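Below: one structure, written as structure tokens.
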Amino acid sequence: MTEEGLRPSPDPKAAPGEGLRPSPDPKAASGERLRPSPDPKAASGERLRPSPDPSGPRAGGPLEPGTVAAPGHDCPLCPRLVAYREANRAANPAWHNGPVPSWGPRDAPLLVLGLAPGVRGANRTGRPFTGDYAGRLLYGTLLKFGQARGQFLEDPNDGMELTGCRIANAVRCVPPGNLPTPAEIRTCNGFLKAELAAMPRLRGVLALGTVAHNALLRAYGIPAARFAFAHGTIHALPHGLLLADSYHVSRYNTSTKRLTPEMFEAAVSALLARLAA
Ligand code: SF4
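Using the numbering used here, you'd call the opening residue of the sequence shown number 3 and step up by one each time.
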């Protein structure tokens, strides 16, 4: 379930073939299907902050002093991922082989949330969605919609900049077999909480897949059952944050047409329209 190696989720709600659901709402033309929140506080505009978690970040230190806790390059919290990291370091010492830092301006209103680095992608290059197939559709779309500038060359030295969004992963280290365990997702969630807390103007999150969707809800202490993942849906979370769902931009999903460029662009443009309203 990494940037490159995503396979269909065992979650039956995310089974292939589940696509955008028709709606009489005119917003459906853009791929959006907003679900009203049952929380009465949703209309108050009160901002939700990530829930405190005593098992939050304990390793590493500030990515940028005074701004956010981020894992150190040798974060020890997930033994299986540490062992895989060490094996990758031995085999490919020139690769990044560590937790992949989030990328983009912290004052952006939008966070794109992926799953985990691909072994030959972000784990190799050190930049999210860079170095393997998964970045092509993501960055091509962000460039098309003015959320980035420059040219994406699948190289962290390509000079491309993110201008309107930041990108993070729910799990920062590459997992063996492309699949993080539930425990690893929970453990790294402390760093996601810190990431969210350090984005003062955050108003929307684009979740790439069910794992990212549920990790975002976990970070805010919202039960996953309350907002089910569905491609093309924009959820209004309590306190105003918008959570937009898209199938992951992996090679598997795009090659099987589970996610087409048109579907992804519709999901991105719908969220951007809501953020601009
Ligand atoms: S996945 Fe996250 S919590 Fe686990 S070792 Fe990597 S940085 Fe640390």
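A virtual CB, placed ideally from N, CA and C, is assigned to each residue, including glycine.
Given the structure is predicted, the values throughout are model-derived calculations rather than measurements.
The alpha-carbon separation between Glu-186 and Thr-127 amounts to approximately 22 angstroms.
Here Asn-90 is buried, its C-beta having at least 16 other C-beta atoms within 10 Å. Taking 3 residues as the shortest admissible run, the segment 233–271 contains the following complete beta strand (DSSP E) segments, listed from N- to C-terminal end: 235–238 and 244–248. Checking the 6 angstroms criterion, the Cβ of Pro-101 is within range of a heavy atom belonging to the ligand SF4. For Cys-167, the uninterrupted beta strand (DSSP E) segment begins and ends at 167–171. Using a Cβ distance threshold of 7 angstroms, Pro-130 and Trp-105 count as a contacting pair. Inclusion of Arg-203 and Leu-113 in the CB contact set at 7 angstroms is not warranted, their separation being larger than that value.
For Leu-145, the three-state secondary structure derived from DSSP is helix.
In this structure, Arg-205 has its CB at a distance of at least 6 angstroms from all heavy atoms of the ligand SF4.
One alpha carbon belongs to Ala-275, the other to Leu-79, and they sit about 39 angstroms apart. Taken in chain order, the complete alpha helix (DSSP H) segments of 4 or more residues contained in the segment 76–156 are 81–93, 124–127 and 136–146. Boundaries of the alpha helix (DSSP H) around Gly-192: 184–199. Separation of the CB atoms of Leu-243 and Pro-111 is rounded to 10 angstroms, and the pair is thereby denied contact status at 8 angstroms.
C-alpha of Gly-133 to C-alpha of Gly-120: approximately 9 angstroms in a straight line. Assignment of Ala-209 by DSSP, reduced to helix, strand and coil, places it in the strand class. With distances taken between CA atoms, Leu-273 lies nearest to Gly-166 out of Gly-166, Asn-171 and Arg-188.
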